[in-house]
Every structure is written in structure tokens, then in C-alpha cells.
Amino acid sequence: MIGRLNHVAIAVPDLAAAAAVYRQTLGASVSEPAEQPEHGVVTVFVELPNTKIELLGALGEGSPIAAFLERNAAGGIHHLCYEVADIEAARAQLVSQGARVLGDGSPKIGAHGKRVLFLHPKDFCGTLVELEEA
């Protein structure tokens, strides 16, 4: 069902400083910050030859990233994103096997303009999983 790894998301307390580490220290190509109000985050993408790193900053006090950073002040890996060909079919298969979809269960538009869902970390070895329709 899952396709390639689309990105690894890292929550960071200082988005500009984190982007500078990837740009200046590691020599990576780094996007400009983009606000994602529907998700309560600001994203920066680090482009790699085989995948991406998504740096996540909090957008407002109600941001899920703000809550994550309260528990993990230095930041850390937030989620893994896998591509799926058909997000509706993937959701149906996962739910039939007992997986929990977060939120209201409906796909939302993600940072790449594609439909995404998040799956409960307790169902996936303690890892928050994002599915993105390819």
C-alpha cells in the first residue's frame, strides 16, 4: 500500500536557525518558510536527492507543534510521511484493520497541495504517520 518515503518531519523551536543549519552547515537546498494555517504550522522543506526533510515551526498557540515542543523543548522527529496512490482506499484498508485516523478522518490539503491523513502513533510503533496522495 505505501509507496516511497515523501519526507521526515522535524519539529523545531527556531525555524530560521534550523533552516540555517541545513543550508549553511550541510549545504542543502532549503525552501522559504510557508505558513500552513489549516495545520497550525510553518514549514520549510530541505530538498534531498531521494526525499525531503520538513522542518516544522509552530503557527500560533494552538499549534500541534507548540504542544510537541512543550514536551520536547529542543525539537525532534515529529512524523514520517509516506505516499499512497489512493488515499481513500488506503484509509478504508487501514481502518478495516483497526488503525485510527486522526481528526475527523477526512483528508486535508497538505503542504504540497495534495490530500493527506495522519494516523495515530500508537497504531504504528509509536510513530505519527502521515499519508500523502501521490
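Read in the UniProt record's numbering, the sequence shown has 49 at position 49, and its numbers run on one by one without any break. Don't be surprised by glycine CBs; every beta carbon is placed ideally from N, CA and C.
Closest to residue i by C-alpha separation, out of the options, would be which residue?
i	options	result
G105	P49, E88, G40 and H112	E88
V41	A9, L80, Q93 and S29	A9
M1	L48, A34, T127 and Y82	Y82
E32	L94, A20, L26 and L80	A20
E54	L119, A67 and A16	A16
V116	V84, N72, V95 and V46	V84
Let me confirm a value: residue i is counted as buried when at least 16 other C-beta atoms fall within 10 Å, else exposed. Which label applies?
i	result
A92	exposed
T43	buried
I65	buried
S63	buried
L56	buried
residue 135	Absent from the model: residue 135. The displayed extent of the chain is 1 to 134, so no value can be given.
L26	exposed
Apart from the five residues just before and just after residue i, which ones in its own chain have a Cβ nearer than 8 Å to its Cβ?
i	result
residue 135	Shown here, the chain extends from 1 to 134; a query on residue 135 therefore has no answer.
A34	V42, T43, V44 and A111
G60	G40 and A66
So what does residue i bridge to, in DSSP terms?
i	result
Y82	L5 and L131
R115	I109
I77	I10
T43	A34 and L56
S29	E47
V101	L119
So, at 6 Å on beta carbons, what are the nonlocal neighbours of residue i in its own chain, with the 5 sequence-adjacent residues on each side left out?
i	result
I77	I10
Y22	A28, V30 and V46
A58	I65 and A66
Got a sec? Which residues, its chain only, sit under 7 Å from residue i by beta carbon, not counting five neighbours each side?
i	result
G75	I10, A11, V12, P13 and L69
L128	H78, H79, F118 and P121
ask   = Can at least three beta-carbon pairs, one atom from the stretch 117-129 and one from the stretch 92-107, be found at a separation below 8 Å?
value = By the C-beta criterion, the stretch 117-129 is judged to be in contact with the stretch 92-107, since at least 3 inter-stretch pairs fall below 8 Å.
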